[in-house]
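In the numbering used here, the protein residues as written are 28 to 885. We put the CB at the ideal spot given by N, CA and C, even for glycine.
Okay, structure coming up:
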């Protein structure tokens, strides 16, 4: 089972050393790796039609890798002007990436599954690895892609080999290692919106056994959005840079050590939020001197401050590879830090109503060990271990602006309404919605996990490989959440206040109320919960941020403890040098996620709220009996339990001269999907009972003549909420999940014209990506509640990108490009207007951009 090159016209063949991940095949939406481009270990691809990948943590050809993997080469990244992972979805049809509230809030979605964009207590279901190092938050993998050799997108759960939270898939970015031959490149580009891009890398030997590499990038661009009321200040701009250094030690033929250190910085204003529906609250916004955007795709918006999005991401890793005989040992040690700071207007109007500050830090240490065999016999194995240690801290706050009180007074229908309420409740005048802190929170989480994984490949006869794989993971999280709610009105329960007033102030506690005669309790409760009798109940919609119950406490220990055994079974058969097929069954796992937000609330097991969240009327429950209850406390979730994935897949891969065809049929189920959805004033975290998807992935690559290459990839998805009874918009069981298109298509045409024997080439590329028309979501908790979910917003995507590069024999390249050439406009997503019932806000797609570049390779 050695890497073997066949003579003549036969295809290069790697024996099926199935390093077991989980399931699946996937479209290969990449061109073949350049034959002269070295692969990661410094060797060269044997044939220009062969792409070498490491999706199974062994080197194999893409055609013979028996899992779902889509590969984009560094050459394609350059030609298609793909600068970061946000653009990667245009060439990988099973992948979707969305950037929403700010520069660091992005979600990776594979086959319709993905989460984790707006809460650092939730690790994404799609794991991101860069040079084998796990990036636990999407914010740590968003900077510009520099010196990339290839990107592998593994569809479906990958817990068997990527043991840390890969229940939906993996994005693996592999960069170029230092070379012992001097070389490099430098690139400068300029484009629309004053887009300035600089990029460079250099590599070469230091000694006969030590090589180095340095690379970096800088990107600064004006925003394509404008904050009209702030002198047309830019929004959705670019201001980011990266720097990285590498050393490669090869003291002998059997030992290789690669050390990497990197730093990246983002300092941008993001993102454009426009209004799709101006609800009944809009007149109040205008009445207090504010404004909101009404032309969705104008990119002209209104805010009371320019958003601040600052992301610092840095760290280092050391990978050591030791070969001894037919065995090889790999060790990857890494430490990383991520700092994320956000300061932005969250009501998305020019009225100063409410803003948010969020200051987050993540420190991560990982260690991976793998022992891999390469025997000539029928048996081979891979055995590994993974250790993960992480700490997360967050300080955040909401601040009420000076126009909040007049805004909410107008919504109440009386400019002096809160003065009367303050007098009736004994509060200081002008205290309700007064300018200043609305909430202040401190969160922390420590996460430690370890896993042991392994695979065994058995080849009973030539061509057939049977694989069994496992992964045992043990995960523990300890978290602490504390918050202070400064909203005077939200600190008063309106039922309890009525009872206190009705008893002349003699009943001020639950114990005093329960000491009353039962008939008196029942009469007071009936009156206090009746809107016709208790006028205070009309104030309930203005109680946005009630007091927070800190945890750990006497009832909630602030801990999660999970363990799981995942496994893979697969049969792969190579019919001949051209045709491969496989059938697999696999399970996947992702541990519990913690709701690190002000919307974290005790579970129904620990607490039962009283009618209208009354403390006096609350029945017995652990939290109430322990004396922990705070005013207006209700239930929710502190954390969501684990995700468990299951996938059946049948795959076929065929490759002939000038043609490759890949087809995969799959049935994938995710039990306990960790749903994190915006509810209008906060975020709800809970487990969907079961979500499934069936579908297929088809990929073809056709090269009818030298220099001309066509690709066509299509993903079909038929998802279903098998069970989801507690969504923010009600019971969704039996319905199709929103936001998952039925068809995703990625196709391209590339023509390389050779100018005789001069070595000069003209490379022209056009690519098209399509998402079929689909519901963006399953409804909005506030907007759709009054409409019975009858008005759902939809999205269809049709993106055309084009580029042309003149590459000269002397290493100079001149290029032009356009992304979204036809200026396609679509809604990325929608959400309920913050504290604006009936208003719907959303994120518009980016407009057409174009530019040119000059590149020199040496």
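Go to residue i, then tell me how far its alpha helix (DSSP H) extends in each direction, as first and last residue.
i, result
"residue 386", "Where residue 386 is concerned, there is no enclosing alpha helix (DSSP H), although the beta strand (DSSP E) it sits in stretches over 381-400."
"residue 299", "Taken as a continuous stretch (DSSP letters only), residue 299 belongs to no alpha helix (DSSP H), as it is neither H nor E."
"residue 128", "Taken as a continuous stretch (DSSP letters only), residue 128 belongs to no alpha helix (DSSP H), as it is neither H nor E."
"residue 548", "545-555"
"residue 105", "101-106"
"residue 436", "431-439"
"residue 445", "444-452"
Give every residue of the same chain whose Cβ lies closer than 6 Å to the Cβ of residue i, excluding the five residues on either side of it in the sequence, and list them in chain order.
i, result
"residue 276", "237, 284"
"residue 846", "828, 876"
"residue 479", "412, 499"
"residue 160", "344, 361"
"residue 773", "56, 118, 120, 740, 796"
"residue 525", "555, 561, 563"
"residue 508", "470, 578, 627"
Assign residue i to one of three DSSP states: helix, strand, or coil.
i, result
"residue 283", "strand"
"residue 273", "strand"
"residue 867", "strand"
"residue 878", "strand"
"residue 312", "helix"
"residue 605", "coil"
"residue 651", "helix"
"residue 153", "strand"
"residue 578", "strand"
"residue 848", "coil"
"residue 67", "Its pLDDT being 40, under 50, residue 67 is placed unreliably in this model, and the value from its coordinates should be taken loosely. In this structure, residue 67 counts as coil in the three-state DSSP scheme."
"residue 565", "helix"
"residue 72", "Because residue 72 carries a pLDDT of 36, less than 50, the predicted location of this residue cannot be relied on, and the following value inherits that uncertainty. In this structure, residue 72 counts as coil in the three-state DSSP scheme."
"residue 886", "In this structure the chain extends from 28 to 885, so residue 886 is not present and cannot be described."
"residue 542", "coil"
"residue 857", "strand"
"residue 627", "coil"
"residue 57", "With a pLDDT of 33 at residue 57, under the threshold of 50, the predicted position of this residue should be treated as unreliable, though the coordinate-derived value follows. Residue 57: coil per DSSP, three-state reduction."
"residue 836", "coil"
"residue 638", "helix"
"residue 118", "coil"
"residue 618", "coil"
"residue 166", "helix"
"residue 91", "helix"
Can the beta-carbon of residue i be found closer than 8 Å to that of residue j?
i, j, result
"residue 627", "residue 587", "no"
"residue 294", "residue 244", "no"
"residue 609", "residue 678", "yes"
"residue 660", "residue 638", "no"
"residue 502", "residue 589", "yes"
"residue 430", "residue 306", "no"
"residue 146", "residue 624", "yes"
"residue 615", "residue 186", "yes"
"residue 669", "residue 591", "yes"
"residue 519", "residue 658", "yes"
"residue 368", "residue 337", "yes"
"residue 207", "residue 184", "no"
"residue 672", "residue 93", "no"
"residue 870", "residue 300", "yes"
"residue 762", "residue 713", "no"
"residue 97", "residue 134", "no"
"residue 861", "residue 375", "yes"
Excluding the 5 residues flanking residue i on each side, which residues of the same chain have their C-beta closer than 8 Å to its C-beta?
i, result
"residue 463", "426, 427, 513"
"residue 686", "727, 728, 729, 730"
So the beta strand (DSSP E) residue i belongs to, where does it begin and stop?
i, result
"residue 751", "Element bounds for residue 751: n/a, residue is neither H nor E."
"residue 697", "686-705"
"residue 496", "491-512"
"residue 522", "Not the beta strand (DSSP E): residue 522 falls in the alpha helix (DSSP H), residues 521-529."
"residue 470", "463-488"
"residue 403", "From DSSP, residue 403 is part of no beta strand (DSSP E); its letter is neither H nor E."
Is residue i a contact residue of the ligand ADP, with contact defined as CB to any heavy atom under 7 Å?
i, result
"residue 340", "With respect to the ligand ADP, the structure offers nothing, as it holds no ligand at all."
**Prompt:** At what residue ranges does the region 782-806 contain a whole run of the beta strand (DSSP E), taking only runs of 3 or more?
**Reply:** 788-802
**Prompt:** What are the uninterrupted segments assigned as beta strand (DSSP E) that are 3 or more residues long and contained completely in the region 721-777, given in chain order?
**Reply:** 735-750
**Request:** Write down every uninterrupted run of the alpha helix (DSSP H) in the region 184-215 whose length is 4 residues or greater and which is fully enclosed by it, in chain order.
**Result:** none
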